[in-house]
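All residue numbers for the sequence shown refer to full-length UniProt numbering, where the first residue is 1 and numbers rise by one. Beta carbons are placed, not taken as given, at the ideal position from N, Cα and C, and that holds for glycine. Read the structure below first, then the notes.
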Amino acid sequence: LLPHPFVRSCLLDKDTFLQNFDQKNWEKKTYLCYEVELPEGASGVPPGQLKGILHNEPAQGEQQRGCHAEMCLLERIQSWELGSELPYKVTCFLSWSPCATCAHQLAQFLVKNKHVTLRLFASRLYTKERYEDWLRVQKGYEDGLRTLQGHGAHIAIMTSTDFEHCWETFVDNQGKPFEPWDTLVSQSR
Numbered sequence: 001l002l003p004h005p006f007v008r009s010c011l012l013d014k015d016t017f018l019q020n021f022d023q024k025n026w027e028k029k030t031y032l033c034y035e036v037e038l039p040e041g042a043s044g045v046p047p048g049q050l051k052g053i054l055h056n057e058p059a060q061g062e063q064q065r066g067c068h069a070e071m072c073l074l075e076r077i078q079s080w081e082l083g084s085e086l087p088y089k090v091t092c093f094l095s096w097s098p099c100a101t102c103a104h105q106l107a108q109f110l111v112k113n114k115h116v117t118l119r120l121f122a123s124r125l126y127t128k129e130r131y132e133d134w135l136r137v138q139k140g141y142e143d144g145l146r147t148l149q150g151h152g153a154h155i156a157i158m159t160s161t162d163f164e165h166c167w168e169t170f171v172d173n174q175g176k177p178f179e180p181w182d183t184l185v186s187q188s189r
């Protein structure tokens with residue numbers, strides 16, 4: 001299996017992490033850091049894919065399709081040979097919560113794959129840039145997240161502990177500890 005073009009196999013650099021996961025920044029790119037917990041004796045996930053970093057890419061021209069980070073993750077999971085008799089847990093840390101469409105696609109995946117548990121921790125809720133759009137479509141995002149949660153996904157806003165875990169697991173932090181930004185605690189409620 002060739003790597004997906006929007007997969008980063010290395011660690012995030014510090015600035016990319018801080019720029020995209022700090023809630024006061026409204027970057028347009030979504031980063032998704034994932035890790036898989038396998039049951040004892042299980043296989044099916046290729047070596048080097050038990051954790052990874054994905055990000056979305058917009059379509060560029062008519063020849064290339066865009067891909068949201070969550071859809072890249074689904075493509076990756078579906079390429080694995082996960083035995084349906086064993087439970088698998090996938091934990092994701094996202095810079096944005098899933099949009100309504102991705103939330104519904106993830107929910108459909110969970111319906112068909114009851115042996116997979118999905119835990120999503122988002123830095124911030126997905127919204128549109130303009131306030132009028134946000135008011136008009138907010139219900140769709142909320143409904144999408146409710147549907148996803150209703151099909152068994154655990155969804156939460158990232159806490160300081162979650163950011164620290166990401167820093168230690170997915171960031172080339174060069175041995176430096178995670179330093180929470182001033183508004184982290186208040187924005188993580």
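- In this structure, Asn173 keeps its C-beta atom at 7 Å or more from the C-beta atom of Ser95.
- Here the segment 115-126 lies against the segment 155-163, with 3 or more beta-carbon pairs under 8 Å apart.
- Fully contained in the UniProt domain "CMP/dCMP-type deaminase" (26-138) are the following alpha helix (DSSP H) runs of length 4 or more, in chain order: 69-79 and 100-112.
- Under the three-pair Cβ rule at 8 Å, the segment 101-117 does not count as touching the segment 43-55.
- In this structure, Phe170 sits near Leu12, with a CB-CB distance shorter than 7 Å.
- The C-alpha of Asp143 is placed about 28 Å away from the C-alpha of Ser79.
- His151 has its alpha-carbon roughly 9 Å from the corresponding atom of Lys114.
- Checking the DSSP bridge columns, you'll see Leu12 partnered with Val171.
- Sequence-distant partners of Asp22 (beyond 5 residues in either direction) whose C-beta falls short of 6 Å from its own C-beta, in its chain, are Trp181.
- For His154, the enclosing beta strand (DSSP E) stretches over residues His154 to Ile157.
- If you compare the alpha carbons of Glu27, Tyr34 and Trp26 with that of Trp167, the shortest gap goes to Tyr34.
- The beta carbons of Lys89 and Glu37 sit closer together than 7 Å.
- Under the three-state reduction of DSSP output, His165 falls in the helix class.
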